[in-house]
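Data first, discussion second: the structure below is written as structure tokens.
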Amino acid sequence: MIVNENCTIVSQKEIAGNIHELILRGELSTEMQEPGQFVHVKVADGHDPLLRRPISIANINHEKKEFTLIYRLEGRGTTLLSTKKEYETVDILGPLGHGFPIEETNPGETALLVGGGIGVPPLYELSQQLVARGVKVIHILGFQTKEVVFYEEKFMELGETFVTTVDGTYGIKGFVTDVMKDLSFDTIYSCGPKAMLKALETNYAADKKVYLSLEERMGCGIGACFACVCHTADDPTGFSYKKVCTDGPVFKAGEVVL
Amino acid sequence: MIVNENCTIVSQKEIAGNIHELILRGELSTEMQEPGQFVHVKVADGHDPLLRRPISIANINHEKKEFTLIYRLEGRGTTLLSTKKEYETVDILGPLGHGFPIEETNPGETALLVGGGIGVPPLYELSQQLVARGVKVIHILGFQTKEVVFYEEKFMELGETFVTTVDGTYGIKGFVTDVMKDLSFDTIYSCGPKAMLKALETNYAADKKVYLSLEERMGCGIGACFACVCHTADDPTGFSYKKVCTDGPVFKAGEVVL
Amino acid sequence: MSRLEIDLPGLHLKNPVMPASGCFGFGREFGNLYNLSDLGAIMIKATTVEPRFGNPTPRVAETSAGMLNAIGLQNPGLEKVLNEELPWLAQYDVPIIANVAGSTEEDYVEVAKRISTAPNVHALELNISCPNVKTGGIAFGTIPEVAKSLTKKVKEVSEVPVYVKLSPNVTNIVEMAKAVEDGGADGLTMINTLLGMRLDLKSGNTILANKTGGLSGPAIKPVAIRMIYEVSQQVSIPIIGMGGIERAEDVIEFFYAGASAVAVGTANFVDPFACPKIIKDLPEILEQLGFDHISECTGRSWK
Amino acid sequence: MSRLEIDLPGLHLKNPVMPASGCFGFGREFGNLYNLSDLGAIMIKATTVEPRFGNPTPRVAETSAGMLNAIGLQNPGLEKVLNEELPWLAQYDVPIIANVAGSTEEDYVEVAKRISTAPNVHALELNISCPNVKTGGIAFGTIPEVAKSLTKKVKEVSEVPVYVKLSPNVTNIVEMAKAVEDGGADGLTMINTLLGMRLDLKSGNTILANKTGGLSGPAIKPVAIRMIYEVSQQVSIPIIGMGGIERAEDVIEFFYAGASAVAVGTANFVDPFACPKIIKDLPEILEQLGFDHISECTGRSWK
Ligand SMILES: Cc1cc2nc3c(=O)[nH]c(=O)nc-3n(C[C@H](O)[C@H](O)[C@H](O)COP(=O)(O)OP(=O)(O)OC[C@H]3O[C@@H](n4cnc5c(N)ncnc54)[C@H](O)[C@@H]3O)c2cc1C
Ligand SMILES: Cc1cc2nc3c(=O)[nH]c(=O)nc-3n(C[C@H](O)[C@H](O)[C@H](O)COP(=O)(O)OP(=O)(O)OC[C@H]3O[C@@H](n4cnc5c(N)ncnc54)[C@H](O)[C@@H]3O)c2cc1C
Ligand SMILES: Cc1cc2nc3c(=O)[nH]c(=O)nc-3n(C[C@H](O)[C@H](O)[C@H](O)COP(=O)(O)O)c2cc1C
Ligand SMILES: Cc1cc2nc3c(=O)[nH]c(=O)nc-3n(C[C@H](O)[C@H](O)[C@H](O)COP(=O)(O)O)c2cc1C
Ligand code: FES
Ligand code: FES
Chain A
1 MIVNENCTIV
11 SQKEIAGNIH
21 ELILRGELST
31 EMQEPGQFVH
41 VKVADGHDPL
51 LRRPISIANI
61 NHEKKEFTLI
71 YRLEGRGTTL
81 LSTKKEYETV
91 DILGPLGHGF
101 PIEETNPGET
111 ALLVGGGIGV
121 PPLYELSQQL
131 VARGVKVIHI
141 LGFQTKEVVF
151 YEEKFMELGE
161 TFVTTVDGTY
171 GIKGFVTDVM
181 KDLSFDTIYS
191 CGPKAMLKAL
201 ETNYAADKKV
211 YLSLEERMGC
221 GIGACFACVC
231 HTADDPTGFS
241 YKKVCTDGPV
251 FKAGEVVL
Chain B
1 MIVNENCTIV
11 SQKEIAGNIH
21 ELILRGELST
31 EMQEPGQFVH
41 VKVADGHDPL
51 LRRPISIANI
61 NHEKKEFTLI
71 YRLEGRGTTL
81 LSTKKEYETV
91 DILGPLGHGF
101 PIEETNPGET
111 ALLVGGGIGV
121 PPLYELSQQL
131 VARGVKVIHI
141 LGFQTKEVVF
151 YEEKFMELGE
161 TFVTTVDGTY
171 GIKGFVTDVM
181 KDLSFDTIYS
191 CGPKAMLKAL
201 ETNYAADKKV
211 YLSLEERMGC
221 GIGACFACVC
231 HTADDPTGFS
241 YKKVCTDGPV
251 FKAGEVVL
Chain C
1 MSRLEIDLPG
11 LHLKNPVMPA
21 SGCFGFGREF
31 GNLYNLSDLG
41 AIMIKATTVE
51 PRFGNPTPRV
61 AETSAGMLNA
71 IGLQNPGLEK
81 VLNEELPWLA
91 QYDVPIIANV
101 AGSTEEDYVE
111 VAKRISTAPN
121 VHALELNISC
131 PNVKTGGIAF
141 GTIPEVAKSL
151 TKKVKEVSEV
161 PVYVKLSPNV
171 TNIVEMAKAV
181 EDGGADGLTM
191 INTLLGMRLD
201 LKSGNTILAN
211 KTGGLSGPAI
221 KPVAIRMIYE
231 VSQQVSIPII
241 GMGGIERAED
251 VIEFFYAGAS
261 AVAVGTANFV
271 DPFACPKIIK
281 DLPEILEQLG
291 FDHISECTGR
301 SWK
Chain D
1 MSRLEIDLPG
11 LHLKNPVMPA
21 SGCFGFGREF
31 GNLYNLSDLG
41 AIMIKATTVE
51 PRFGNPTPRV
61 AETSAGMLNA
71 IGLQNPGLEK
81 VLNEELPWLA
91 QYDVPIIANV
101 AGSTEEDYVE
111 VAKRISTAPN
121 VHALELNISC
131 PNVKTGGIAF
141 GTIPEVAKSL
151 TKKVKEVSEV
161 PVYVKLSPNV
171 TNIVEMAKAV
181 EDGGADGLTM
191 INTLLGMRLD
201 LKSGNTILAN
211 KTGGLSGPAI
221 KPVAIRMIYE
231 VSQQVSIPII
241 GMGGIERAED
251 VIEFFYAGAS
261 AVAVGTANFV
271 DPFACPKIIK
281 DLPEILEQLG
291 FDHISECTGR
301 SWK
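Protein chains in written order, with the UniProt record's numbering: chain A, 1 to 258; chain B, 1 to 258; chain C, 1 to 303; chain D, 1 to 303.
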């Protein structure tokens, strides 16, 4: 169920260059199940800014009724959000959308989790749920540069973890796709820049089950405004469509036109 | 000189029903001289609300570089301002306008200070400056009801003080003008609702020097937009005008059309 | 009778608050959040004869106190709306106002004729003001003669009263309003969005793939109030007002300007519970302001 | 040459940023705050033949991310502007653009003829778009033929280039722009304010004594950008853009849309140092975006 709640800030800190980790407490955490779902955040009361901001759920702690958002300071919305402090509240609508299907990887199989930049956060909750299911996980986390790398150790605790940076200042120099060639796995789950998702689809969708989390500018976040639609792959110029906010943000590669 | 500065909140508290006292520290306090001047307050960064809010200077503490604003929660602007806490800053433009001429009362003479509701605050700085000059002050402070009475003791420390409430729940029941009949004084300084100012002008301007502080909706607060003009009394339908923000807010009774 | 009950041509409303067309889909998403029978009415998304995918994405962009949209009238087409969406909505005790769009007069007439026969469609809203489609749409909304003729044709075939939705992107809104009144409109809905644009600092391109989009939200409220104020004094048909409504206080302001009911658009995205909250708050505000019934507020600014 | 220097008809600008007419008086107040010679130019308050008191107060009202004003062209009249205001401004090294207003063609012609002879007036801005005066003003700004004829007449008498200030309250802004270009305008300035209104919840009355007012500020920026985008592709005279500019980034957006210089209005009230701040920030933003000169930004969205 979708709930609207003022959640309390448990902690907020900068964990990498301009990347903030925000832990919130709220009853709506009890509704969060699928990894890869997102929440819609009203960063300030009133009209500035007016619209909510979609942010993925990076971690769910049902015991403490807490959940984690990890976001990059992009524009006014995320910058304002970053100024909020412990004990203040944040207006959250969620959980929204459909996440990654963990049931598509069987216990004992290997899942490859490929994250690019600010697409990394939802993979953390996903990885935990896969591990809990008995799935072996391998992570490839791609960043621009050393300064913006985050959560490497946390992912390492869950499984093998490769970090790449575009400029080679940390980990392996290059793109996530460069690392993949030498690995064996059964499924791919990915979130990140569209170019990365397209490369995964082109190279792997034929043989593997590949699940991709998309981004699109949103109005409502709940399926009512038709802002976030994409064409389905079987009818790429026709009338059939999927909504990123409710049918996604996670789609099977080949389901929609990237 | 008019300065724009982010002033630091020294303290903020509710001193009567929906009436807040806000003490700010800033270099621009060194520019504050005349009692009855005001500052223009940007209560929040960004566009909500967009315009500044004019608030009178209620007290100046040159030693500590502090000044006091006393304001009533009216709409969005003042309500937002009231949520700001110690150590936060407030964007202040000021000091603005021309205040009460203390030199119009000679040492040894008696000044009557008549305040109505949220017109009371600037009289506090005025009273202190008059007393420092050796002027005897009498205060008549009119409020709607007991709940919103403030600063009575502070005024009592400076001179005789009458408090009236419209509903009689505190002090003398009635209007400030009812009290005035029995008092003798040389000058009147007043700030409050237009009806009160008009009554003072009608009844006393012929015999006494009467100074009135006006309110008008403002754009710029510095004399550039022509939002706050009023007709001069000698040309009530013509082209001559005064600007409340720069020529006022204090005018001699009979100078402008109320 | 409740403080909020209102009768308008074709519409008996429990309260004068309804979601605006295009901001509520066909109700399914909000149906998961609250009981749609609590609403005064529902203005469903624009329906065209054929299904439409609409414009490429990005389709929305934020602006100061507003947003731009260029959805482009995406909808599943008349058949599906008649066979799936309206029957689904029939489970609720709420009148439907069907937003009718098209590229030609014939399109409008066909949609109007058929959709007006649906049992829960109690009125039509002729969308002659959509800024986001290249043909039709806005042309019908900016030339009085064209608007009048279209209204007439639709009136001839419609089984239910016809409201015409006016575009604010005109020099003379009163002239447009009078033209559609002459054409036989039973009511007006106003305003649709203002035509706007945003550019991306880095690329220099428009943020919306469609380049221009319709500006909605609190930013446009003063324009809406002004237009309703002007029009309501010059026509004798009722107005359903919209443009930036978020709170019960805004509803009163629209009534004062001359509206007889209101629609809430963009606010549904900011707070999906906006409509029921407004409906809940209205009686108390009316009480405070001393009104026995909300209809007393209509036109108070000029009466 | 500096990154910001711009030449426009009649104007050699150190930088393309100037305060908008009516938002800066005749400069005296801001002259106390900073050196007016730092500005690209100054658009002084509308001048009419006779002095005008303007409308009754309240004359301003706040709206979401904007404000309404109904000043009503208050000004000391042509004589005083010529004999007191312009000579005072002559102490600064800054070109003046004189905003010319009136109720009849003759009024405009008279003001234009005389004010264009002042040595520091380098261009006129024909204000055919003021929404706050009952006669003249807006009529000149909404009928293409009327606007064209006025432009022609003013061009005949003016000693300096003539810019025409367009009203956004029209169905077809391109048509208006082309009409004044045909009339001989040397440039356009756009946009003036959108016509709007606010009502008081308690009294039900309009907040502005004049009832309607002009909407300015960030709220109208998307409308301004859209109109400049449309017009700049259809005329060959330069555009000075305005409407909601607050920051250097906004200036770039206006240039991308098609402007060759910009004016800052409402932002001067929010931050009296807005213009010098923008001028200071521009070079760095141009650097970041990779432009050698700001003129490279003009029309980038459609070029
Ligand atoms: C399903 C989903 C999940 C996301 N999860 C995360 C996350 O976990 N961490 C994170 O840092 N970012 C995430 N994003 C991107 C995030 O929504 C944007 O960075 C954010 O909205 C920017 O807001 P702003 O006000 O700071 O930037 P501005 O550029 O000022 O925003 C202006 C407008 O554009 C929209 N916008 C800008 N960038 C994006 C974008 N990439 N996607 C969608 N809308 C955008 C904003 O929502 C706003 O309406 C996610 C986006 C989606 C769609
Ligand atoms: C010279 C001067 C001195 C003032 N001194 C004080 C003071 O010391 N203490 C105090 O409590 N109030 C004072 N006021 C009134 C104060 O400015 C308003 O109460 C305040 O602006 C309301 O803002 P808001 O956002 O809370 O209300 P809203 O009603 O939401 O404001 C909407 C708009 O109307 C304007 N506005 C509303 N009421 C007034 C008003 N009475 N005068 C001018 N503009 C108004 C606001 O500035 C804003 O632009 C003074 C006004 C003036 C002109
Ligand atoms: C995303 C979106 C889609 C819209 N779609 C339609 C539509 O299909 N038909 C229509 O008549 N109006 C449509 N509108 C306009 C709204 O119904 C309404 O007139 C406008 O948004 C002003 O109201 P608001 O400020 O409350 O949003 C749409 C508006 C938005 C924001
Ligand atoms: C208080 C005020 C007074 C104005 N007076 C004039 C005027 O005298 N002449 C004119 O052409 N425009 C006038 N304008 C319009 C501005 O010059 C400008 O076109 C408009 O405000 C949009 O810019 P902005 O959003 O930056 O304010 C005025 C605007 C305001 C807010
Ligand atoms: S964001 Fe509104 S439908 Fe997806
Ligand atoms: S508020 Fe602008 S002139 Fe007084």
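The beta carbon of each residue, even a glycine, is placed where N, CA and C say it ideally should be.
Would you mind telling me which residues of chain C sit closer than 7 Å to residue i, beta carbon to beta carbon, in chain order?
{"i": "I252 of chain D", "result": "L201"}
CB residue i to CB residue j, shorter than 9 Å?
{"i": "A98 of chain C", "j": "T48 of chain C", "result": "no"}
{"i": "F273 of chain D", "j": "Y92 of chain D", "result": "no"}
{"i": "residue 308 of chain D", "j": "L215 of chain D", "result": "Nothing can be reported for residue 308 of chain D: it is not among the residues displayed for chain D, which extend from 1 to 303."}
{"i": "F185 of chain A", "j": "K208 of chain A", "result": "yes"}
{"i": "K152 of chain D", "j": "G183 of chain D", "result": "yes"}
{"i": "C225 of chain B", "j": "C297 of chain D", "result": "no"}
{"i": "V210 of chain B", "j": "T232 of chain B", "result": "no"}
{"i": "residue 297 of chain B", "j": "Q12 of chain B", "result": "No information on residue 297 of chain B is available, as it lies outside the stretch 1 to 258 that chain B covers here."}
{"i": "I57 of chain B", "j": "V120 of chain B", "result": "no"}
{"i": "Y256 of chain D", "j": "G204 of chain C", "result": "yes"}
{"i": "G117 of chain A", "j": "R72 of chain A", "result": "yes"}
Can you find the residues in the same chain that come closer than 7 Å, C-beta to C-beta, to residue i, ignoring five residues on each side of it along the sequence?
{"i": "V94 of chain C", "result": "L36, S37, L39, A41 and I42"}
{"i": "E31 of chain B", "result": "M1, V3 and P95"}
{"i": "A185 of chain C", "result": "T151, V162, Y163, V164 and I237"}
{"i": "S29 of chain A", "result": "I60, H62, K65, E66 and F67"}
{"i": "A267 of chain D", "result": "I245, E246 and A274"}
{"i": "A65 of chain D", "result": "G217, P218 and A219"}
{"i": "K45 of chain D", "result": "S21, G22, G25, F26, N75 and N99"}
List the residues of chain D that residue i touches, going by C-beta distances under 7 Å, in chain order.
{"i": "F251 of chain B", "result": "In chain order: nothing, as chain D lies at least about 15 Å away."}
{"i": "Y241 of chain B", "result": "F53"}
At 8 Å on the CB atoms, spell out the chain C contacts of residue i, in chain order.
{"i": "D48 of chain B", "result": "A65"}
Could you check whether the Cβ of residue i sits closer than 8 Å to any heavy atom belonging to ligand 5?
{"i": "T266 of chain C", "result": "no"}
Ligand 4 heavy atoms versus the CB of residue i: any closer than 8 Å?
{"i": "S226 of chain B", "result": "A small fix is needed here, since residue 226 of chain B is Phe in this sequence, not Ser. Checking every heavy atom of ligand 4 against the Cβ of F226 of chain B, one is found closer than 8 Å."}
{"i": "K45 of chain D", "result": "yes"}
Which same chain residues end up closer than 6 Å to residue i when comparing Cβ atoms and leaving out the 5 residues on each side of it in sequence?
{"i": "G243 of chain C", "result": "I191, I220, K221 and A224"}
{"i": "P283 of chain C", "result": "R3"}
Going along the chain, which residues of its own chain have a beta-carbon closer than 8 Å to the beta-carbon of residue i, five neighbours each way excluded?
{"i": "T164 of chain A", "result": "I140, L141, G142, F143, G171, I172, K173, G174, F175, V176, D178 and V179"}
List the residues of chain A whose Cβ lies closer than 8 Å to the Cβ of residue i, in chain order.
{"i": "V270 of chain C", "result": "K42, L50, L51 and R52"}
Taking 8 Å as the cut-off, is the CB of residue i close to at least one heavy atom of ligand 3?
{"i": "S64 of chain D", "result": "no"}
With hydrogens ignored, establish whether the beta-carbon of residue i is closer than 8 Å to any heavy atom of ligand 6.
{"i": "I222 of chain B", "result": "yes"}
What residues from chain D crowd round residue i, counting only those whose CB sits closer than 8 Å?
{"i": "T216 of chain B", "result": "According to the sequence displayed, residue 216 of chain B carries Glu and not Thr. Within chain D, the residues near E216 of chain B are T57 and P58."}
>> Using a strict less-than 5 Å threshold between each residue's beta carbon and the heavy atoms of ligand 1, what residues do you get?
In response: A:F38, A:L51, A:R53, A:P54, A:I55, A:S56, A:Y71, A:R72, A:E74, A:G75, A:R76, A:G77, A:T78, A:I118, A:P121, A:E215, A:R217, A:P249 and C:E62
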